[in-house]
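Residue numbers (our numbering), protein chains in the order written: chain A, 1 to 248; chain B, 1 to 253. Below is one structure, written out as structure tokens; comments come after it.
What follows is the structure, encoded as structure tokens:
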């Protein structure tokens, strides 16, 4: 399993590793400036402006962890398994399918966790973190990355054609916009609220927002359980399907 | 002859339209609903910075222009750089009696049709949501199409010189996204620090945003609108001339 991670790091060496971090945090940072601070000025006028930014920042952290994880396992993994046939060669070595699945998830979590940590450092420096519980936001972001990496890997085994990526975007974009990233759950009509609360990104945002603002509760534990279950299920499906795809 | 090139893209579009709907129509509409209607609910009622209108009315024409820019680039930069690779549709077509300029004209016509269609769909939803304040909003359709082409033509001129699609993704991330988020689309330019405002005023997307917004809110003035139109037309024209030269150089090598 660790050999897959080593392979990822080896491939990365040819690129510029620092570019990876800039890549990972650039987009959420732009959203933070534009919507968090720009639109935030309109939401609460006066000296309270930073309150809205502190609301948006942890949601963007969760979103960044999700995007990085999903892009890694669906985008580049999908390309490697369907076109480059990297794993067809690997399964003929002593490595087994379980090693490939675990290694891919681990590499994706490593990458996503690194950029989340950097983003957390940025928002902490900007004063958008309100609680010492935020120290736990790093393992929380790793858990989010694990849940979405495993789910992404499972989805990647189902995708056959390029345009399936468009359908995936059709799930990810509404999730980004509606999973209480920019406005609270209470603004939704009551019948819609359970639907929003069932989204995996909503649970991730709840977890990380609870930690950075210090508003913890039973919901936090539920979110941890939800994400762990999602990651476990994704891993299991990915392992099974990958085994069939690689004919072992 | 340019019509033949146009018909090629039309035929292709009949096979692939489903995928394009997601990025060109669903994407701006989701932003409109989530940010305009959702986030708009918690924007303070005192909206002097927005010119005294609701957040939805402020935001909708802005995202119309921003989406037009995005669609212009999606219809231009990606397909052009993909089409000019060895074995792509461009090198194959120039081996026939079609001239590089025919390819450019046909493809540009197709881009114009596509961006107008997407803008019309968005505009219809925007009017249905009650985000438009003036009958002049109808003029926002040509305004959005002009904005899109002001980006699409220079992008085509650039993309035809590429040997790989990868730089397109980089430009998208480092240039297009910042323009999208900071050209007065999501919040008013007046909210920015004094020193930064002139930077926004020279960026092309701001002209498209302000043009569409003043038409939608009914606050358009002749001087302002003609200024915006002149800027965008000049940009599109420069892009066209450059594209014609680059198409000839890179396809008739």
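Note that CB positions come from ideal geometry on N, CA and C, so glycine has one too. For clarity, every value in this text was computed on a predicted model and none was experimentally measured.
- According to the DSSP assignment, residue 222 of chain B belongs to the alpha helix (DSSP H) that extends over 222-251.
- In terms of beta-carbon proximity, residue 55 of chain B lines the interface with chain A, with at least one pair separated by less than 8 angstroms.
- Not a single unbroken stretch of the beta strand (DSSP E) spanning 3 or more residues falls wholly within the region 55-91 of chain B.
- DSSP, read as helix, strand or coil, puts residue 219 of chain B in coil.
- Under a 10 Å Cβ-count criterion, residue 174 of chain B is classified as exposed, with fewer than 16 other Cβ atoms of the shown protein chains found around its own Cβ.
- At least one beta carbon of chain A lies nearer than 8 angstroms to the beta carbon of residue 34 of chain B.
- A distance below 8 angstroms separates the beta carbons of residue 70 of chain A and residue 148 of chain A.
- Contact between residue 125 of chain A and residue 212 of chain A does not hold, since their C-beta atoms are separated by about 13 angstroms, which reaches or exceeds 8 angstroms.
- Apart from sequence neighbours up to five positions away, the residues of its chain that approach residue 214 of chain A with a beta-carbon distance below 7 angstroms are 130, 131 and 133, ordered along the chain.
- The closest CA to that of residue 26 of chain B, considering only A:95, A:111, A:173 and A:158, is found on A:173.
- Shortest Cα-Cα distance from residue 170 of chain A to any of B:129, B:6, B:15 and B:23 involves B:23.
- Between residue 207 of chain A and residue 223 of chain A, the C-beta gap is smaller than 8 angstroms, which places the two residues in contact.
- Not a single C-beta of chain B is nearer than 8 angstroms to the C-beta of residue 205 of chain A.
- C-alpha of residue 5 of chain A to C-alpha of residue 184 of chain A: approximately 38 angstroms in a straight line.
- At a C-beta separation below 9 angstroms, residue 217 of chain B has no neighbours in chain A, since its nearest C-beta there lies roughly 16 angstroms away.
- With respect to chain B, the C-beta atom of residue 30 of chain A has a partner C-beta closer than 8 angstroms.
- Contact annotation: in the region 183-196 of chain B, residues whose CB is within less than 7 angstroms of a CB in chain A are 186, 187 and 191.
- Counting along the chain, no alpha helix (DSSP H) covers residue 71 of chain A, and no H or E run does either.
- For residue 149 of chain A, the uninterrupted alpha helix (DSSP H) segment begins and ends at 137-158.
- Rounded to whole angstroms, residue 77 of chain B and residue 84 of chain B show a C-alpha spacing of 11 angstroms.
- The continuous alpha helix (DSSP H) containing residue 143 of chain B extends over residues 140-159.
- Using a CB distance cut-off of 8 angstroms, residue 71 of chain B does not count as an interface residue toward chain A.
- Any Cβ of chain A closer than 8 angstroms to the Cβ of residue 117 of chain B would place that residue at the interface, and such an atom is absent.
- If you check the CB distance, residue 232 of chain B and residue 203 of chain B do not come in under 8 angstroms.
- Chain-ordered, the chain B residues with CB closer than 7 angstroms to the CB of residue 38 of chain A read 186, 187 and 191.
- Assigned with DSSP and collapsed to three states, residue 245 of chain A falls in helix.
- With a threshold of 8 angstroms between beta carbons, residue 27 of chain B makes contact with chain A.
- The straight-line gap separating the alpha-carbon atoms of residue 229 of chain A and residue 3 of chain B is approximately 56 angstroms.
- In this model, residue 154 of chain A and residue 211 of chain B are separated by some 46 angstroms (Cα to Cα).
- Remark: fewer than three beta-carbon pairs, one from each stretch, lie closer than 8 angstroms, so the region 155-163 of chain A and the region 48-65 of chain A are not flagged as touching.
- Around the beta carbon of residue 226 of chain B, fewer than 16 other beta carbons lie within 10 angstroms, which makes this residue exposed.
- With a threshold of 8 angstroms between beta carbons, residue 179 of chain B makes no contact with chain A.
- With a 10 Å radius around the Cβ and a threshold of 16 neighbouring Cβ atoms, residue 7 of chain B comes out exposed.
- Interface flag for residue 42 of chain B against chain A is set, since a Cβ pair is found closer than 8 angstroms.
- At least 8 angstroms separates the CB of residue 123 of chain A from every CB of chain B.
- Taking each of B:169, B:150, B:55 and B:157 in turn and checking the Cα distance to residue 130 of chain B, the smallest one comes out for B:55.
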